[in-house]
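Numbering (my numbering), first residue to last: 80 to 325.
Below is one structure; the comments refer to it alone.
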């Protein structure tokens with residue numbers, strides 16, 4: 080189990096940092112479909128308006144990615160014996176930055192049974208659809224599935240992720256292929272001060288290092304296919320601060 084910085088850090092998944100009620104944090108009267116603690120981004124927020132493009136993973140891609148994360152220490156020989164925290168398991172927490180309509184969040188929860196899976200999305204309509212879909216899923220579950228809390232810990236919120244003070248999730252995923260350089264720079268600063276074990280991104284290491292996210296190291300990659308038949312590579316990074324013996 081990682082020690083040092085990992086031991087001193089607040090427990091991953093105990094909630095993300097809050098957004099200040101200042102000129103940048105525009106709390107509005109929003110309905111429940113925007114999620115608990117929603118802060119609707121303003122049209123002048125460059126970190127959101129420059130990165131509202133959309134890309135959605137296929138079902139097969141979602142499954143391959145989640146199963147890789149579930150067995151990461153087995154699939155990456157160099158991670159053998161690293162201990163807990165690295166695999167997406169029942170103790171893990173997942174954050175999807177730019178969660179769209181919530182596909183990755185729901186699939187991660189159903190496949191891995193992770194403790195919590197949360198989606199942050201800056202486009203209000205997408206969050207509303209995510210939460211409506213989640214409500215519909217609850218309506219379709221049988222009593223046994225409800226008793227087993229199959230969807231417990233799944234949530235979606237409309238907010239600008241880069242305005243968070245700190246992120247405390249074991250696993251962070253971002254389909255950042257459409258993110259602008261402005262958004263990437265802000266996200267890099269946030270991740271550099273955040274506590275996580277694994278980060279999944281479509282951007283290569285040189286991009287993140289250039290933006291100041293120096294503590295991540297790539298350990299694996301996989302082909303990613305969208306429903307629009309676009310193909311790219313996603314990189315799986317580990318937080319070097321938590322690597323045993325470092």
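The C-beta atom is built at its ideal place from N, Cα and C for all residues, glycine as well.
Predicted, not measured: the structure shown is a model, and the values here were computed from it.
Neighbour-count burial assignment, residue 242, 16 or more Cβ in a 10 Å radius: For the purposes of this step, residue 242 is identified with residue 163 of the chain shown, where counting begins at 1. Flag for residue 242 reads buried.
Unbroken alpha helix (DSSP H) run spanning residue 308, endpoints: Taking the chain shown and counting its residues from 1, one reaches residue 308 at position 229. Where residue 308 is concerned, there is no enclosing alpha helix (DSSP H), given that its DSSP letter is neither H nor E.
Separation of residue 115 from residue 299, as counted between CA atoms: Here residue 299 refers to the residue found at position 220 of the chain shown. Here residue 115 refers to the residue found at position 36 of the chain shown. Cα to Cα, residue 299 sits roughly 34 Å from residue 115.
Identity of the residue in 304, 162 and 255 nearest residue 140 by Cα: Residue numbering aside, residue 140 sits at position 61 when the chain shown is read from its first letter. Comparing Cα-Cα distances from residue 140 to each of 304, 162 and 255, the minimum goes to 304.
Unbroken alpha helix (DSSP H) run spanning residue 187, endpoints: As a working note, residue 187 is residue 108 in the chain shown. Taken as a continuous stretch (DSSP letters only), the alpha helix (DSSP H) holding residue 187 covers 182-191.
The stretch 208-216 contacting the stretch 246-266, beta-carbon criterion three pairs below 8 Å: no
Counterpart residues of residue 317 in DSSP-defined beta bridges: Locating residue 317 in the chain shown gives position 238, where the first residue counts as 1. Answer is 277 and 296, bridged to residue 317.
For residue 175, the residue or residues it bridges with in DSSP: Counting from one through the chain shown, the residue named residue 175 turns up at place 96. Residue 175 is bridged to 198 and 252.
Cβ distance (whole Å) where residue 315 is taken to contact residue 277 below 8 Å: Here residue 315 is taken as the residue at index 236 of the chain shown, counted from 1. Here residue 277 is taken as the residue at index 198 of the chain shown, counted from 1. Right, the Cβ-Cβ distance comes to about 6 Å (below 8 Å), so this counts as a contact.
Distance CB(residue 151)-CB(residue 166) smaller than 7 Å: Taking the chain shown and counting its residues from 1, one reaches residue 151 at position 72. Taking the chain shown and counting its residues from 1, one reaches residue 166 at position 87. Yes, the Cβ-Cβ distance between residue 151 and residue 166 is below 7 Å.
Assigned secondary structure, residue 145 (DSSP; H/G/I helix, E/B strand, else coil): Locating residue 145 in the chain shown gives position 66, counting from the first residue. Reduced to three states, the DSSP call for residue 145 is helix.
Three or more C-beta pairs below 8 Å linking the stretch 172-183 and the stretch 194-207: yes
Top-ranked residue by Cα proximity to residue 190, from 121, 142 and 135: Residue mapping note: residue 190 aligns to position 111 of the chain shown, counting from 1. With distances taken between Cα atoms, residue 190 lies closest to 142.
Pair within 7 Å by beta-carbon distance, residue 209 and residue 253: Sequence index remark: in the chain shown, residue 209 carries index 130 (1-based). Sequence index remark: in the chain shown, residue 253 carries index 174 (1-based). Not a contact, by the Cβ cut-off of 7 Å.
Sub-7 Å separation of residue 289 and residue 245 beta-carbons: For this step, residue 289 is matched to residue 210 along the chain shown. For this step, residue 245 is matched to residue 166 along the chain shown. Against a cut-off of 7 Å, the Cβ pair of residue 245 and residue 289 comes out as no contact.
Residue 284 and residue 161 closer than 7 Å at C-beta: By one-based count along the chain shown, residue 284 stands at place 205. By one-based count along the chain shown, residue 161 stands at place 82. No, the Cβ-Cβ distance between residue 284 and residue 161 is not below 7 Å.
Terminal residues of the alpha helix (DSSP H) in which residue 154 lies: By one-based count along the chain shown, residue 154 stands at place 75. Element bounds for residue 154: 151-154.
Beta carbon of residue 235 nearer than 7 Å to that of residue 181: Stepping through the chain shown from its first residue, residue 235 is reached at position 156. Stepping through the chain shown from its first residue, residue 181 is reached at position 102. In contact: residue 235 and residue 181 (Cβ atoms closer than 7 Å).
Nearest residue (CA-CA) to residue 255, options 311, 168 and 249: Residue mapping note: residue 255 aligns to position 176 of the chain shown, counting from 1. For residue 255, the nearest C-alpha among the options comes from 311.
Beta-carbon proximity of residue 313 to residue 296, cut-off 7 Å: Position 234 of the chain shown, counting from 1, holds the residue named residue 313. Position 217 of the chain shown, counting from 1, holds the residue named residue 296. It is not a contact, given that the beta carbons lie outside the stated cut-off.
Proximity below 7 Å, CB of residue 240 to CB of residue 176: Translated into the one-based positions of the chain shown, residue 240 becomes position 161. Translated into the one-based positions of the chain shown, residue 176 becomes position 97. A contact, by the Cβ cut-off of 7 Å.
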